[in-house]
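Q: Can you read through this structure? Questions will come right after.
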Amino acid sequence: MFGFPANQPNPGPVLAQPAVRICRWDGGICNVPITDTSPNGIEHHIRTHHLDGTAGQLGGSWDRTDVMTCKWHVGTTPCARNIHCGSIGRHVASVHL
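Numbering-wise (the working numbering), the sequence shown opens with residue 4 and increments by one.
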């Protein structure tokens, strides 16, 4: 017979835990966990914490067609690829996570 023994309760389905990544923008100095690792979630994190390169500074413009430099670090090396602002979340999600 297969399954759980009669005297053991069925634990139910195992639910996947959401992926949590530590931000590696600017070499990881942000150190904020990114709980939404979707492209939109990553874009939101970058806009909230890294616009103008300073955590919490929201003074810069964000035009989806403007080009920005990806500052995500792999080890100690920054990506440094030029990406349209509107694609940065997709880039980080697909290349770096």
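A virtual CB, placed ideally from N, CA and C, is assigned to each residue, including glycine.
(1) Would you grab the beta carbon distance between C82 and C73 for me? Rounded to a whole angstrom, and I think it's under 8 Å.
(2) Let me make sure I understand the geometry here. Which of R93, N43, D69 and I49 has the alpha-carbon closest to that of R27?
(3) Can you say whether G30 is buried or exposed, counting buried as having 16 or more other CB atoms within 10 angstroms of its CB?
(4) At what residues does the beta strand (DSSP E) containing N85 begin and finish?
(5) Could you check if V98 is buried or exposed, using at least 16 other CB atoms within 10 Å of its CB as the buried criterion?
A: With the structure as the only source:
(1) Residue 82 sits at position 79 when you count from the first residue of the sequence shown. Residue 73 sits at position 70 when you count from the first residue of the sequence shown. With 8 Å as the limit, C82 and C73 qualify as a contact, their Cβ atoms being about 4 Å apart.
(2) In the sequence shown, residue 27 corresponds to position 24, counting from 1. The candidate whose alpha carbon is nearest that of R27 is I49.
(3) Position 27 of the sequence shown, counting from 1, holds the residue named residue 30. Its Cβ having fewer than 16 others within 10 Å, G30 is exposed.
(4) Position 82 of the sequence shown, counting from 1, holds the residue named residue 85. Segment N85 to H87, the beta strand (DSSP E) holding N85.
(5) To locate residue 98, count along the sequence shown from 1; it is residue 95. Classification of V98: exposed, given that the 10 Å Cβ count is below 16.
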